[in-house]
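>
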Amino acid sequence: MFDNEKIFNLFNEKFSEIIPDRDSGLVVFSLFLVTKDNSEKKSFSEAEIRQEIRKYLESNPDRDNSGIVEKQLQKLLGQNFIEPIKDKRIALTGYSVQLCSLFLNQIQPLLNPSEIEKILEDVEKTLQSRLETLEDFNHWFENHFTLVAKPKINDQIIALDYQLIEIEKDFNKQFKTLSIPELIRYCNVNLDRVVEDRKKLSKSFNGLDKLSAILTDCHLNSLSDLNFITTKGLINDVIDKARFKLENTEERIAQIKNNVRGLFDIIDKKPFFRKLETFLDIVLENTVSTNKVNRKDVEQNLYYKTDIALPAFLKPICVVNNSPDNFNYPAFYESFSNPKNQKIEVRIVNKEAIQQARDRKLKEKERALKIEAWLSEILEKLKSQPEIDFSQLYFDVLDREQDIETVVKGTEYILKKLRKKNFQIELSNEFLINKNNANNSIWNIRIKNSTSN
Amino acid sequence: MEHTNKEFYLELKESPEQFAETDFLLRSGVHIQDHKSQSRFFRFIESNYPDLKKYYESLFNIDLVPQETVAGKYYFLDFFDEQKSKIKNKKNLDSKVTLFAIYLYVINNTELKFSTRITKLDILSAVNSSTKYKSNIHKILLGIAQADTEITDTTISKWISSSLNELEKIAWIYFPNNSDDDSFEILPAFERILKIYFDAINDIDNIKISLEE
Numbered sequence: 000m001f002d003n004e005k006i007f008n009l010f011n012e013k014f015s016e017i018i019p020d021r022d023s024g025l026v027v028f029s030l031f032l033v034t035k036d037n038s039e040k041k042s043f044s045e046a047e048i049r050q051e052i053r054k055y056l057e058s059n060p061d062r063d064n065s066g067i068v069e070k071q072l073q074k075l076l077g078q079n080f081i082e083p084i085k086d087k088r089i090a091l092t093g094y095s096v097q098l099c100s101l102f103l104n105q106i107q108p109l110l111n112p113s114e115i116e117k118i119l120e121d122v123e124k125t126l127q128s129r130l131e132t133l134e135d136f137n138h139w140f141e142n143h144f145t146l147v148a149k150p151k152i153n154d155q156i157i158a159l160d161y162q163l164i165e166i167e168k169d170f171n172k173q174f175k176t177l178s179i180p181e182l183i184r185y186c187n188v189n190l191d192r193v194v195e196d197r198k199k200l201s202k203s204f205n206g207l208d209k210l211s212a213i214l215t216d217c218h219l220n221s222l223s224d225l226n227f228i229t230t231k232g233l234i235n236d237v238i239d240k241a242r243f244k245l246e247n248t249e250e251r252i253a254q255i256k257n258n259v260r261g262l263f264d265i266i267d268k269k270p271f272f273r274k275l276e277t278f279l280d281i282v283l284e285n286t287v288s289t290n291k292v293n294r295k296d297v298e299q300n301l302y303y304k305t306d307i308a309l310p311a312f313l314k315p316i317c318v319v320n321n322s323p324d325n326f327n328y329p330a331f332y333e334s335f336s337n338p339k340n341q342k343i344e345v346r347i348v349n350k351e352a353i354q355q356a357r358d359r360k361l362k363e364k365e366r367a368l369k370i371e372a373w374l375s376e377i378l379e380k381l382k383s384q385p386e387i388d389f390s391q392l393y394f395d396v397l398d399r400e401q402d403i404e405t406v407v408k409g410t411e412y413i414l415k416k417l418r419k420k421n422f423q424i425e426l427s428n429e430f431l432i433n434k435n436n437a438n439n440s441i442w443n444i445r446i447k448n449s450t451s452n
Numbered sequence: 000m001e002h003t004n005k006e007f008y009l010e011l012k013e014s015p016e017q018f019a020e021t022d023f024l025l026r027s028g029v030h031i032q033d034h035k036s037q038s039r040f041f042r043f044i045e046s047n048y049p050d051l052k053k054y055y056e057s058l059f060n061i062d063l064v065p066q067e068t069v070a071g072k073y074y075f076l077d078f079f080d081e082q083k084s085k086i087k088n089k090k091n092l093d094s095k096v097t098l099f100a101i102y103l104y105v106i107n108n109t110e111l112k113f114s115t116r117i118t119k120l121d122i123l124s125a126v127n128s129s130t131k132y133k134s135n136i137h138k139i140l141l142g143i144a145q146a147d148t149e150i151t152d153t154t155i156s157k158w159i160s161s162s163l164n165e166l167e168k169i170a171w172i173y174f175p176n177n178s179d180d181d182s183f184e185i186l187p188a189f190e191r192i193l194k195i196y197f198d199a200i201n202d203i204d205n206i207k208i209s210l211e212e
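Chain order of the listed sequences is H and R.
Its first residue numbered 0, the first sequence is counted upward by one per residue in numbering that gives the first Met the number 0.
Its first residue numbered 0, the second sequence is counted upward by one per residue in numbering that gives the first Met the number 0.
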């Protein structure tokens, strides 16, 4: 039940001076708490100590770490934190017990909401005076927030958590001895104290929200400096975590209160609890085991495996189990999709080639229209003139259209059409050159109206 | 069976989008309760209970059962009559898991009544420190009462771990994801143990006499 990790963090520096190895310290402290909670528990089996070691290994607990566990166990024995006693049992040494008692005594008076309130007030004041430059702010973060406020905030949460664990244990103990009305009174008085402490702590944590608000409103925030934004994020993380943990303790207090309220329902049911215990006793006495075999688990620990048969008066616990096995897998969803004998193919389209073909087609159409217009122009001229200089017309069209393909194709087409219409086409050896572009030239072509002869 | 072969329309008043997941959980044997891990499913059932009850009754001849306890309310699917039910797949909890569930129920109500979080080590310690039950648990799991050794502890630890895994599957217990240790919470649906064995517990004195004869 006890969260040794938090305790270790709390006394990190002091612990590391006495027990340099982090895991050893945690295991020893954890074993000490087990003996403290249960006065009859004076020693441990090797398996119990191995289990504790596994819990505090920094590496992934799922992987096979039997070698590391064994090494850690030998280290604890070698450092005289634990010692073997009779019947293959292991106990904490006197030194370990004294050391752990020392730490435990320091934990109990830790919860101090008024102290954290003052600390947060101081931190707030120093923050206000350190917001001129980024350098000042970073100095405040390193020396006031990280070194002072953050550890104190954590300490208070741990202390409240510890108080809750202790109160749960105490109530469990009192449940066995006090009458139900006495127990309800006892629980309410003690629970009120925890609730009050939590309220005070929650109130004192309001200072955290002030820090957050100051950081949002300050001029440094408007500079969009990456370092400031990162640091502000770290501070807000600490604040959020503290709030989350406080909410967690509130939830646990509500659960304990609920359990206390539940006591009213069992106020006259002491005989029922006797029956409940007898029931377990009878069930255990009349359960038989068969087929005992030895097995080894993944960590190569030997254990017994038995089949058991419960007494006949105990009906089995039956639950509905009708969900599809593969509900969350693609196979389940395949039945809703297209039948497997249908093949879906995506048509690959070369859009660029289609566009080029379209442009080419449009240009050809445009050229044909221009050539038709040119022919109409020539025919119109031939109505009023006996002959025309086609070569000059050729250069005029070329200068206008700036497209050699149009004039070449046009010339071919127009001359063909004019011949069909019985116009005379005279070609001379005279070679004419375009005045505007010396690279273009054409034979001298004259078209004569046949009726003019 | 009056609804057999008739058309049935399920009309959901609130959050119909929760139906598929809630239905899947219920039909997987999961108990649904007002706990932070299940609150949306619980609210969905609360809002649509009459329609959902009729749906399971009409189509599967199975009952959507609400149960109220001091710890809270919970829902689960149960057979009216296994022979007539259209759902043929059921699961009986393994004998060792059933035994563990009874043991956990008793110690949770007698020794750990106020513990809001319990760890595997708490249970192992409870077994090892119990003068009343330890020898019988050893006899069942180890064949004979033995002194505590590594092999006895490993055997009991395995029993605890595998049973807790099974109880987690039907949402009788809950392991928080963000927990720093291996602690778990007992959920309201764990009270179903009492509902199942209530008659046997009340009649235990007579049962004891009949077994001794």
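Backbone N, C-alpha and C define an ideal beta-carbon position, used for all residues, glycine too.
The structure presented is a predicted model; accordingly, all values stated were derived computationally and were not measured.
(1) Three-state secondary structure (DSSP) at H/Leu381?
(2) Looking at H/Val26 and H/Phe144, is the spacing between their C-beta atoms short of 9 Å?
(3) Just mark R/Ile169 as buried or exposed, buried being the case when its beta carbon has 16 or more other beta carbons within 10 Å.
(4) So which residues of chain R does H/Pro180 contact, with C-beta pairs closer than 7 Å?
(5) Quick one: which chain R residues come within Cβ less than 8 Å of H/Phe272?
(6) Do you know how far the Cα of H/Leu163 is from the Cα of H/Ile252?
(7) For R/Asn47, I'd like the list of residues in its chain whose CB is within less than 7 Å of its CB, leaving aside the five on either flank, ordered along the chain.
(8) Less than 9 Å between the C-beta atoms of H/Ile387 and H/Arg445, yes or no?
(9) Within a Cβ cutoff of 6 Å, which residues of the same chain sit near H/Glu116, ignoring the five residues on either side of it in sequence?
(10) Does the segment 27–37 of chain R come close enough to the segment 64–72 of chain R to have 3 or more Cβ pairs within less than 8 Å?
(11) I'd like the span of the beta strand (DSSP E) that includes H/Val287, first residue to last.
(12) Tell me, which residues are paired with H/Trp442 by DSSP?
(13) I'd like to know whether the C-beta atoms of R/Tyr132 and H/Leu283 end up nearer to each other than 9 Å.
(14) Can you pull the chain R neighbours of H/Gly24, defined as C-beta to C-beta under 9 Å?
(15) Going by CA-CA distance only, name the one from H/Asp208, H/Thr410, H/Asn226 that's closest to H/Trp442.
(16) For R/Asn205, does the count of other Cβ atoms within 10 angstroms reach 16, so buried, or fall short, so exposed?
(17) Counting only the same chain and skipping the five closest in sequence on each side, list residues whose C-beta sits under 7 Å from that of H/Thr248.
(18) Count the other C-beta atoms from every protein chain shown that fall within 10 angstroms of the C-beta of H/Asn79, then say buried if there are 16 or more, exposed otherwise.
(19) Could you name the residues of the segment 152–172 of chain H whose beta carbon sits closer than 9 Å to any beta carbon of chain R, in the order they occur along the chain?
(20) Taking just the CA atoms, how far does R/Glu16 sit from R/Ala125?
(21) Kindly indicate the opening and closing residues of the alpha helix (DSSP H) around H/Thr403.
(22) Would you list the one or two residues that DSSP bridges to R/Asp198?
(23) Going by beta carbon distance, what residues of the same chain come within less than 8 Å of R/Ser156, once the five residues before and after it are set aside?
(24) So the candidates are H/Arg53, H/Leu219, H/Lys199; which of them puts its Cα closest to the Cα of H/Ile156?
(25) Measuring straight from C-alpha to C-alpha, what distance separates H/Val292 and R/Thr151?
(26) Which partner residues does R/Leu63 have in the DSSP bridge list?
(27) Would you check if the distance between the CB atom of H/Tyr303 and the CB atom of R/Leu98 is smaller than 9 Å?
(28) Could you tell me whether the Cβ of H/Glu51 comes closer than 9 Å to any Cβ of chain R?
(29) With a cut-off of 8 Å, do at least 3 Cβ pairs link the segment 392–411 of chain H to the segment 350–370 of chain H?
(30) Compile a chain-ordered list of the residues in the segment 82–99 of chain H whose CB is closer than 8 Å to at least one CB of chain R.
(31) Does DSSP put H/Asn171 in a helix, in a strand, or in coil?
(32) When the Cα atoms are used, what is the spatial distance from R/Asn135 to H/Ile316?
(33) Find the nearest neighbour of H/Arg399 within the set H/Phe140, H/Lys416, H/Asn433, H/Lys419, judged by alpha-carbon distance.
(34) Along chain R, which residues have their Cβ under 7 Å away from the Cβ of H/Ser44?
(35) What residue range does the alpha helix (DSSP H) around H/Lys244 cover?
(36) Candidates H/Ile179, H/Ser29, H/Asp22: which alpha carbon is nearest H/Phe464's?
Concretely, from the data shown:
(1) Correct three-state label for H/Leu381: helix.
(2) no
(3) buried
(4) The contacting residues do not exist; H/Pro180 stays about 16 Å from chain R at best.
(5) Asn108, Thr109
(6) 8 Å
(7) Leu11, Lys12, Glu13.
(8) yes
(9) Ser203
(10) Yes, the segment 27–37 of chain R is in contact with the segment 64–72 of chain R.
(11) 287–295
(12) H/Phe430
(13) In this structure, H/Leu283 lies closer than 9 Å to R/Tyr132 by Cβ.
(14) Result: empty, since nearest Cβ-Cβ is about 16 Å, beyond 9 Å.
(15) H/Thr410
(16) Answer is exposed; the Cβ neighbour count stays below 16.
(17) Leu159, Asp160, Leu163, Arg197
(18) exposed
(19) Under the 9 Å Cβ criterion, the segment 152–172 of chain H contributes Leu163, Ile164, Ile166, Glu167, Lys168, Asp169, Phe170, Asn171.
(20) 44 Å
(21) In the sequence under discussion, the amino acid at residue 403 of chain H is Ile, which differs from the Thr named in the question. From DSSP, the alpha helix (DSSP H) with H/Ile403 extends over 403–419.
(22) Answer is none; R/Asp198 lacks a bridge partner.
(23) Lys119, Leu123
(24) H/Lys199
(25) 13 Å
(26) In the DSSP assignment, R/Leu63 is bridged to R/Leu76.
(27) no
(28) Taking Cβ atoms only, chain R reaches closer than 9 Å to H/Glu51, which makes this a yes.
(29) Yes, they touch.
(30) Asp86, Lys87, Arg88
(31) Correct three-state label for H/Asn171: helix.
(32) Taking the straight line joining both Cα atoms gives about 22 Å.
(33) H/Asn433
(34) Ordered by position in chain R, the residues that pass the 7 Å Cβ test against H/Ser44 are Asp147, Thr148, Glu149, Asp152.
(35) 225–261
(36) Only positions 0 to 452 of chain H appear in this structure, which leaves residue 464 of chain H out of reach.
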